[in-house]
Structures are given as C-alpha cells and as structure tokens.
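Residue numbers (UniProt numbering): 1 to 382. Note that the Cβ used here is the ideal one computed from N, Cα and C, for glycine as well. Keep in mind that this is a model prediction, so the values were computed, not measured. A quick write-up on the structure given underneath.
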Ligand SMILES: [Zn+2]
C-alpha cells in the first residue's frame with residue numbers, strides 16, 4: 001500500500017513539474033506598443049463570427065495612411081515555431097510608417113499554436129530579445145493548432161474543397177487549411193475568416209511570413225503563384241542588387257492544396273506571397289534547442305552540414321541571426337509593395353520602416369518600445 005502511494009505521489013509530482021510551466025506559458029502575454037501609424041485594433045471574428053469567443057480569434061492591427069491606396073494583409077504566426085514572423089509583425093506595428101494605403105497585421109494567426117510549444121520537440125518555452133531597456137520575452141509556439149484546442153485528429157485530412165488527401169497532422173496546420181470553410185475544423189474556420197476579410201475588404205496583397213530549415217530547399221525565398229510572380233521576381237532582384245542579400249523565388253505548385261500562396265490567389269482577387277527566412281533551430285540535426293539558438297541561429301552541426309554542401313542557404317560560424325531574418329522580411333515586404341505600386345499606382349502604397357542593414361547594425365531590440373514607458377491605451381497584450 002505504501003509503495004503504491006509513493007508511486008502515485010511521484011507520478012503526480014512529475015505531471016505537476018511538467019504541466020505547471022506549460023499552464024503558466026499558456027497565460028503569458030506578449031506586449032506590443034502601437035506605433036504612430038496604428039489606427040485600429042480589432043478581432044478577426046469581425047469577418048466571421050464562427051470563431052468569436054474561441055481560441056482561434058486573434059487581433060488584427062490596422063495601419064492606415066492619410067492618403068487612399070491599396071490594402072495589404074500581413075499574416076504572421078501561421079506556424080508559431082517560426083518566430084521571425086511574429087517579431088516582424090511586432091516590429092511593423094511599432095515602427096512602420098504608412099503614408100498611403102492600409103496595412104493590416106496579424107501577429108498570431110495560429111493563436112492556439114502560439115500558446116504552447118511542440119510536444120516532444122525539445123524547444124524552450126520562451127525566447128528573449130535584448131533591448132536598450134531590458135530583455136523582452138516571447139512565447140515559443142507550435143507549428144499547428146494545439147491538440148488541446150482541436151482534437152481528435154482524423155485518420156486522413158481531406159482538404160476542402162479540393163478533396164486532396166493530406167497527412168492527419170495537417171488538419172491542425174493553418175497552412176493547409178486555406179481557403180477554409182465555415183463549418184470545418186477550427187483551423188479551417190480561421191482561414192475562412194481571413195478569406196472573408198480578404199474578399200470583403202478588397203485586399204490587394206497578402207504576405208504570409210514563415211521560417212524554414214537551412215537543410216530544406218524551400219527556404220530563404222519568396223513563394224509565389226503565377227499572378228504574383230512578376231512582383232516576387234522584381235523584389236528578389238532588387239534586394240539582391242540594392243541590399244546585397246540572397247532571396248530567391250519559388251513557384252507555388254498548382255497541385256498542392258491548402259497553402260496560403262495557392263488558395264488565397266485562387267479564391268480571391270488578392271495577390272499572395274509566402275516569405276521564408278532560414279530558422280536553423282528548425283533543423284533536426286542541431287544541438288540543444290536553446291533560446292539562444294532561436295535568436296542567434298548559430299549551431300555547430302548545421303555548420304558541419306554546410307561544409308558538406310547539405311544546406312540551401314549561405315551559412316558560416318556567425319549563424320543566421322534573428323536580426324537578419326526579421327531584416328530580410330522587412331526589406332522583402334517593402335520591396336514587394338514598391339514593385340506592386342509601380343504597376344498599380346491607384347492601389348499603391350507609401351510605407352517605410354528600417355530595413356535589413358539597419359536592423360543588422362542596430363539589433364532588432366533597438367526598435368522595440370518599452371511598454372512601461374508607453375501610454376496605457378497603446379499597449380496591447382497578445
Ligand atoms: Zn512555416
């Protein structure tokens with residue numbers, strides 16, 4: 001009897017030791033200070049009340065310029081274990097200046113995934129960015145919706161409306177759930193809400209931000225379907241020429257369904273782009289997945305793989321830092337919008353934010369505002 005009781009106590013302690021930090025992380029809020037161009041903050045359920053009150057409902061920041069122009073939606077956090085996306089979103093919310101057109105920014109599109117790490121992935125619960133006023137703390141998330149919020153998984157995930165059979169795990173993947181449907185899985189509902197926003201607002205450009213492994217071919221690139229291709233090629237060409245970094249273009253495969261860069265363009269008038277920056281913390285072969293690895297992207301095993309020619313990005317002992325990844329996202333987005341504006345002046349944009357070279361030189365943290373110094377009504381909890 002005593003032995004059984006002892007086993008029960010030990011098991012309870014193990015569950016509590018593992019569960020309490022996850023519980024605390026799920027309620028930890030990131031802070032963002034609305035910058036000078038933020039004109040409104042509202043919930044995505046404004047366009048589809050089927051997600052209202054659910055974990056999937058997420059904040060949309062509107063940055064509207066004084067001059068009428070086009071509309072762009074920037075989606076971050078589709079995969080919440082690819083943090084340069086959410087950090088770019090916060091960086092834009094705090095720093096982007098919009099004179100013409102409207103930019104909408106969603107920091108945590110897959111909000112459920114942002115509230116907990118990947119089970120068995122070995123990732124830390126948080127990562128940290130150094131700022132002049134101290135360390136800024138962020139949640140490390142999961143790729144898909146958490147099973148806690150969408151369960152059980154089907155044996156096979158049948159894409160709607162195409163009927164293509166996808167892996168069961170992709171039922172929780174908000175980059176296989178496009179164009180979504182109002183009565184599907186929660187992941188499909190949130191994509192449907194975004195499609196409704198894109199159609200009802202008449203969004204011109206949609207940019208979905210990601211990170212990918214250095215050992216995966218579709219990394220450090222812009223993925224674009226046929227209609228977006230001229231803008232993507234122009235942007236890749238200009239960042240290479242003017243800003244001296246590589247960012248190639250990949251074409252969106254027409255036969256692979258559910259992805260933002262395919263379905264958004266097929267189911268609306270918008271021009272979609274998916275941006276990948278290299279996050280080596282995602283590579284399977286790394287040493288311990290520490291908060292530092294997420295930020296500095298320095299790993300001895302990835303370096304070794306690079307020496308053997310196994311990487312698809314330029315990589316050396318300096319790693320691939322968060323400053324570079326967010327900097328690339330910032331520059332490529334601004335260049336896509338500039339290319340777009342040249343061909344569509346009536347639906348154009350005039351926006352500006354620090355670019356790749358500035359962010360690499362000053363560090364990303366330099367641009368984050370201290371929430372304790374900001375007006376209370378400017379601080380938003382995410
Ligand atoms: Zn991704």
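- The DSSP assignment places 59-64 and 67-75 as complete runs of the beta strand (DSSP E) inside the region 39-91, in order along the chain (cut-off: 3 residues).
- Distances from the alpha-carbon of residue 313 to those of 280, 326 and 300 put 280 closest.
- Assignment of residue 176 by DSSP, reduced to helix, strand and coil, places it in the coil class.
- Secondary structure of residue 224 (DSSP, three-state): strand.
- Ranked by Cα distance from residue 18, the first of 119, 107 and 102 is 119.
- The beta carbon of residue 170 sits closer than 6 Å to those of 157 and 176, all from its chain and outside the five residues before and after it, given in chain order.
- At a cut-off of 7 Å, the beta-carbon of residue 210 counts as near ligand 1: some heavy atom of the ligand is closer than that.
- When 225, 232 and 236 are compared, the shortest CA-CA separation from residue 259 is found for 225.
- Residue 39 and residue 243 have their alpha carbons spaced roughly 31 Å apart.
- If you look at residue 208, you'll find it in the beta strand (DSSP E) that goes 205-212.
- A residue is called buried once 16 or more other Cβ atoms fall within 10 Å of its Cβ, and residue 369 is buried on that count.
- Closest option to residue 154, judged by alpha-carbon separation, among 315, 29 and 172: 172.
- For residue 326, the uninterrupted alpha helix (DSSP H) run begins and ends at 322-343, by DSSP.
- Here the alpha carbon of residue 329 sits roughly 50 Å from the alpha carbon of residue 8.
- Note that the C-beta distance between residue 349 and residue 100 is below 8 Å.
- The region 70-89 makes contact with the region 127-147, as at least three CB pairs between them are under 8 Å.
- Residue 251 has 224 as its beta-bridge partners, per DSSP.
- Judged by DSSP in its simplified three-state form, residue 272 adopts strand.
- Runs of alpha helix (DSSP H) with 4 or more residues, each lying fully within the region 8-35, are absent.
- Residue 277 has 211 as its beta-bridge partners, per DSSP.
- If you look at residue 352, you'll find it in the beta strand (DSSP E) that goes 350-352.
- Per the coordinates, the alpha-carbon of residue 245 lies some 15 Å from the alpha-carbon of residue 319.
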